[in-house]
Structures are given as C-alpha cells and as structure tokens.
Amino acid sequence: MDFDTIIQVLDSTVRLSTPLLLACLAGLFSERSGIVDIGLEGKMLIAAFFSAAVAYLAVSNEAWTLHLPLTDGTIDMTWLRGWLPPVGWGLLAGIAASMVLSAIHGLASITFRGNQIISGVALNFLASGLTVLIAQTWFSQGGRTPSLVGGARFNELPLPFAETLRPVPVLGPIYADLISGHSILVYVAFLLVPLTWWILFRTRFGLRLRAVGEAPEAVDTAGVSVVGLRYASIAIAGVLCGLAGAYLATGLQAGFVREMTAGRGYIALAALIFAKWRPWYALGACLLFGFLQAVALRFQNIDLGAFVVPVQVMDALPYILTVVILAGFVGKAIPPRAGGEPYVKER
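Those letters in the sequence shown? Residues 1 to 347, per UniProt numbering, in order.
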C-alpha cells in the first residue's frame, strides 16, 4: 500500500467517523445522566431528512412565501432568506427535528417514568416511517429528497497554507489532504471531544450530570433538580444528533435517502460501551469503526495469500465488531449505576 492510498483511507476514516462521533457524544451526555437513549438512530434519521429537505426548499423563492388557508392570503418571508445560507437553514431544521424527538423521549422516560428502551425503539420506528412518508408527499421521489447542489450542501473548507505546504514531503500531504478539506461539521465534531471532556469533568454542571447518573437521590438531597438535569442532557443529545444527521445528508452525501443512517446510531451506542462512557475513548472507538468502514469501501476483496477475504465480510466488519463488543469480549464496561432507571422522588 503506497503513501497516497494510506492518506485516502485515513481521509475516508475521518469523514465516516464524524457522524458516529457526534452520535456517540450525544449518547454519552444522555447516559451519563441516567437516560438510556436507543433512539439515537431515529434522531439522526429525522435530522438528516429535515436538513436535506429544508436546505433544498430554501434555495427556491416559493418556499419563502407562506400561504394562509383561511384568508387565502400570503406572507412574504424572503427577508429571512439572507440571514443564513440554505444549508444553514437545513442545519437548524435538522437540529429542531432531532430535539422534538428528544423532547418526546424525555416526556416518556423522565416525566411519565416509562421504559427508556421501549421509548427509544418507538422513536426509531417513528422516524423510519415518518421520513419516508413526508419525503414521498413533498417530493414524490420514492421517499428521498432531490439531490442537493451548491449552497444547499456543506462545502469543503480548505485550511490556511494547505496548497503552499502540499509539496513538503510527508507532512505536506498529511496537512493538505488529510487534515484540510473537510466540511466545518467535521472540525466541530472533533473539537466537541475536548469540550465534552471539559464540561463533564471540569464544570459544576458536568459534576452534577455525572452524579445524577450514579446517585440521583444524592443530587436531589442537595437541592438540585434531577428532572432538570436529565432534560438538559437529552436536549444536548438532541443537538448533537441533529448535527450528525445534517452532516450525513448535506455534508457526507448530497441529499436524503431512505434509512440512510444504516445503523450508525446503534454502532455509536456500541462505541460508547467500548469507550466506557469517556469522551477521549469515544473518539478512538469511533475512529476504529470509521476505519473499518473506510477499508470496506476502499478494498472490495483483500488477498491475504492463503485466502481472499470477500467484500461481504469487509462490509460486515463494523457490525461484527459491534456484536463482539456488545457480547462483552472487550473488557468490562460498567455503565452509570442509575442508567435506565426512572427517578421517583421520595416524600
């Protein structure tokens, strides 16, 4: 394998790891507060659809005219158009859609103390059906959105001096082709890792959040709202899943297609267990899963001399690793003690 091929595989690793990392950090905030979030997949999916749909509609002038059914009049909203590029409106729509599902999950699992696993699974089914139904109603293209072009997508962001440093041996290609040239959401995702670590382990909010996941009765005794902290954690998870879905539909790909998350939410949960609910370990786990996906995309069949690894095995590698991790073969992972248990305030 030559140096250029290694750079290309690592570049693909970074791109494919980004949605996993965002979803994994979302699960980290949620589960550290004691809320198990199986619905990461559904939140990413609905965020991907609404980000792509709104980004596409924001390009046209017609989408900025609101029709009033009762008065048969219209409201001109084109003055809003210049505030953000179309992809920016799509990003906001994706985050909003994801936060709506987070609010439903919070209502079911925190306020009404329902089963968190069932609530998350229900959200996944809801997102799966709702996205296809709305996409077919709006665009009539078999449950997908039209392809996004121009300002409706997150474009590549070249870093300073990337072309100037390209001729420098080894370091030049690493900087120009591997570090530079990603969409802004990729850099945001990687910067969120130290930010998450700082919030969880160096702030009062993070200390209380972790305490809620371990001993909510102690936090309640100290006069801190357990319900408020848990709602705050799933709100953060909703924002992060919105970023992940928006990146999938407007950064990694050029539009929404049916079930485009392809199990990334579940893989992110496996990476979270692999990382033992720690931000920096989560980065390593997501890069590992992204690397396996990149290898599967780059090499269809791998000849090991004695035998050839078929493409089907390569495609299944991330999922095989997920099963291995969930089976408990990669060390002992202890979840937050109060994870999955609704808190009932003593009277």
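We put the CB at the ideal spot given by N, CA and C, even for glycine.
The beta carbon of Arg258 sits closer than 7 angstroms to those of Val132, Gly143 and Arg144, all from its chain and outside the five residues before and after it, given in chain order. A distance below 8 angstroms between beta-carbons, with the five flanking residues on each side excluded, links Leu165 to the following residues of its chain, in chain order: Leu171, Gly172, Tyr175 and Ala176.
For Thr74, the enclosing beta strand (DSSP E) has its first and last residue at Gly73 to Asp76.
In the DSSP annotation of this structure, Lys276 is not part of any alpha helix (DSSP H), being labelled neither H nor E.
Selection Arg113, His105 and Trp138 evaluated against Ala122 yields His105 as nearest (Cα-Cα). Proximity of the segment 220–227 to the segment 38–51 falls short of the contact definition, fewer than three beta-carbon pairs being nearer than 8 angstroms. Three or more Cβ pairs closer than 8 angstroms define a contact, and the segment 4–15 falls short of that threshold against the segment 88–101. The alpha-carbon of Ile320 is positioned some 53 angstroms away from that of Ile75. Here the C-alpha atom of Thr5 lies approximately 15 angstroms from the C-alpha atom of Leu292. Beta-bridge annotation (DSSP): Thr65 is paired with Asp76. The C-alpha of Val36 lies about 22 angstroms from the C-alpha of Gly284.
DSSP assignment within the segment 238–297 yields the following whole alpha helix (DSSP H) runs of 4 residues or more, N-terminal first: 264–274. Here DSSP, grouped into helix, strand and coil, assigns Val186 to helix. Sixteen is the threshold: when 16 or more other Cβ atoms of the shown chains lie within 10 Å of the Cβ of Ser30, as they do, the residue is buried. Checking the DSSP bridge columns, you'll see Leu157 partnered with His182. The DSSP assignment places complete alpha helix (DSSP H) segments of no fewer than 4 residues inside the segment 180–236 at 184–202, 204–214 and 216–221, in order along the chain. Distance check between Arg15 and each of Val224, Leu248 and Ile95 places Leu248 closest, using alpha-carbon atoms only. Note on geometry: alpha-carbon atoms of Leu148 and Gly94 lie some 15 angstroms from one another. Note on Val344: under 16 other CB atoms within 10 angstroms of its CB, so exposed under the neighbour-count rule. The continuous alpha helix (DSSP H) containing Glu31 extends over residues Phe3 to Arg32. The three-state secondary structure of Tyr319, taken from DSSP, is helix. Taking C-beta separations shorter than 6 angstroms and ignoring five residues to either side along the sequence, the partners of Ala58 in its chain run Pro86 and Trp89, following chain order. Between Cys24 and Cys241, the CB-CB gap reaches or exceeds 7 angstroms. By the Cβ neighbour-count rule, Arg264 is buried, with 16 or more other Cβ atoms within 10 Å of its own. Ala294 is the residue among Ile118, Ala294 and Pro335 whose C-alpha sits nearest the C-alpha of Thr18.
For Phe112, the three-state secondary structure derived from DSSP is coil. Of the candidates Pro169, His182, Val227 and Val226, His182 places its Cα closest to the Cα of Thr13. By the neighbour-count definition (other C-beta atoms within 10 Å, threshold 16), Ser60 is an exposed residue.
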